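Plus 15 on top of the position in the sequence shown (first one is 1) and you've got the numbering used here.
Backbone N, C-alpha and C define an ideal beta-carbon position, used for all residues, glycine too.
None of these values were measured; they are calculated from a predicted model.
Take a look at the structure below.
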Amino acid sequence: MADKYICIDIGGTKILGAIVDEKDNIICEVKKKTKAHKGLEVVEERLLGVIEELLEKSQVPKEEIAAIGAGAPGVINKDTGEIIYSPNLPWKNYNIKKIIEGKLGIPFVVGNDANVGIMGEWKYGAAINKKNVVGIFVGTGIGGGLIVDDKLFTGANHLAGELGHMVINPEGPYCNCGQRGCLESYAGKVAMTREIKNQIKRGRESILKDLMDMESSVISSKPLKEAIEEKDALAVEVLDKAIYYLAAGTGSLINIFNPEMVVLGGGVIESLGCYIMPILKEYIKKFILPGMLEGTEIVESALGDHSIIYGALALAKEIK
Numbered sequence: 016m017a018d019k020y021i022c023i024d025i026g027g028t029k030i031l032g033a034i035v036d037e038k039d040n041i042i043c044e045v046k047k048k049t050k051a052h053k054g055l056e057v058v059e060e061r062l063l064g065v066i067e068e069l070l071e072k073s074q075v076p077k078e079e080i081a082a083i084g085a086g087a088p089g090v091i092n093k094d095t096g097e098i099i100y101s102p103n104l105p106w107k108n109y110n111i112k113k114i115i116e117g118k119l120g121i122p123f124v125v126g127n128d129a130n131v132g133i134m135g136e137w138k139y140g141a142a143i144n145k146k147n148v149v150g151i152f153v154g155t156g157i158g159g160g161l162i163v164d165d166k167l168f169t170g171a172n173h174l175a176g177e178l179g180h181m182v183i184n185p186e187g188p189y190c191n192c193g194q195r196g197c198l199e200s201y202a203g204k205v206a207m208t209r210e211i212k213n214q215i216k217r218g219r220e221s222i223l224k225d226l227m228d229m230e231s232s233v234i235s236s237k238p239l240k241e242a243i244e245e246k247d248a249l250a251v252e253v254l255d256k257a258i259y260y261l262a263a264g265t266g267s268l269i270n271i272f273n274p275e276m277v278v279l280g281g282g283v284i285e286s287l288g289c290y291i292m293p294i295l296k297e298y299i300k301k302f303i304l305p306g307m308l309e310g311t312e313i314v315e316s317a318l319g320d321h322s323i324i325y326g327a328l329a330l331a332k333e334i335k
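If you want it as structure tokens, here you go:
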């Protein structure tokens, strides 16, 4: 009986896959580096490798998999399975649905990772029973998702939710999307990495010089957390700047949507939420209109790095 699901979080730095049983329990997990810098074919191979390893490791027959659900960064048409554009993956006008279904013969659905992540929190996590929710996920880049009037808001072409590409300074630094001054270009890990490396190259002292891979375009959360715990001046300064801009973006979204809840997730929040959240909540007060915070909770993701996994489960269960 096909009553299990494969759920996948396709990130800019890692691919996390899980098999979820009929009781919504994760029974097996596999994680691999994405290796996005090596190109489209390599990422495709890594993704298929995660799926194959899940089946092998769990010993679940392929016939017991009802569907595969996934979340990936970028502009995605959920209905067709086409990744129109992804700033952190080498996919453009790429129909991942056709590829996966053609190779595995299992129904497949993919959505924008942040939309999928907020679906996970809404169906299974922090935002259960909430009707109006903003989700913001801070990792390699910044993604977002919106629950409006008790349903996922996807917009006219199913492309809504690119909160990381709100322009907060039209003369700001270039973002990976090609625009200038996006929230992501100030508060994502790529932005933080760029600032840290530039400062170190100018002679700034920091333990991050030894902790992080100076050749990488994205700092991992572990050395950043270690540097913050050691009160490294550069790490504190860069993270504080990122929190400030994140608060500006979050405050604008609260002003627009007046949500019951704002859920913050993603790798940066998972690692540094205890440090970030109190500062973020204070900074947000600078950017909101009077009364806007009344009745609005600002919380961390309850599902952590499984937000997208459980959102992918919700997506997969929608396949008829």
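Helix, strand or coil, according to DSSP, for residue 307 in the structure here?
Residue state, collapsed to three classes: coil.
Quick check: the region 114-125 against the region 74-93, are at least 3 beta-carbon pairs closer than 8 angstroms?
Yes: at least three Cβ pairs fall under 8 angstroms.
Any chance you could list the alpha helix (DSSP H) runs of at least 4 consecutive residues sitting entirely within the region 209-247, in chain order?
Entirely contained in the region 209-247, the alpha helix (DSSP H) runs reaching 4 residues are, in chain order, 223-226 and 236-244.
I want to know whether the region 212-232 touches the region 172-190 - three or more CB-CB distances under 8 angstroms.
The region 212-232 is not in contact with the region 172-190.
Are three or more beta carbon pairs between the region 156-164 and the region 172-185 nearer than 8 angstroms?
Segments in contact, yes.
From which residue to which residue does the beta strand (DSSP E) around residue 43 run?
Note, residue 43: beta strand (DSSP E), 41-48.
If you reduce the DSSP assignment to three classes, tell me which class residue 207 lands in.
Residue state, collapsed to three classes: helix.
Going by DSSP, what residues sit across from residue 197 in a beta bridge?
182.
Going along the chain, which residues of its own chain have a beta-carbon closer than 6 angstroms to the beta-carbon of residue 140, five neighbours each way excluded?
Excluding sequence neighbours, residue 140 sits near 317 and 318.
Closer than 7 angstroms by C-beta to residue 336: which residues in its own chain qualify, once you throw out the five before and the five after it? Chain order, please.
Because the chain in this structure spans residues 16 to 335, residue 336 falls outside the shown range and cannot be described.
For a quick check, are the C-beta atoms of residue 41 and residue 33 less than 8 angstroms apart?
Yes, Cβ-Cβ distance for residue 41 and residue 33 is below 8 angstroms.
Locate the beta strand (DSSP E) running through residue 135, then write down its first and last residues.
That residue, residue 135, is in no beta strand (DSSP E); its alpha helix (DSSP H) goes 128-139.
At the level of alpha carbons, what is the spacing between residue 368 and residue 74?
Residue 368 lies beyond the stretch modelled for the chain, which goes from 16 to 335, so this question has no answer here.
I need the DSSP call for residue 72, collapsed to helix, strand or coil.
Correct three-state label for residue 72: helix.
So the beta strand (DSSP E) residue 276 belongs to, where does it begin and stop?
Start and end: 276-280.
What are the start and end residues of the alpha helix (DSSP H) that includes residue 323?
Segment 322-332, the alpha helix (DSSP H) holding residue 323.
Can you tell me whether residue 317 is helix, strand or coil according to DSSP?
Coil at residue 317, not helix or strand.
Residue 35 and residue 330 look like a contact to me (Cβ under 8 angstroms); what is the Cβ gap, rounded to whole Å?
Rounded, the Cβ-Cβ distance is 12 angstroms, inconsistent with contact.
Classify residue 255 as helix, strand or coil using the three-state DSSP reduction.
It is helical.
Which residues does DSSP list as the beta-bridge partners of residue 312?
Note: residue 312 sits in a beta bridge opposite 276.
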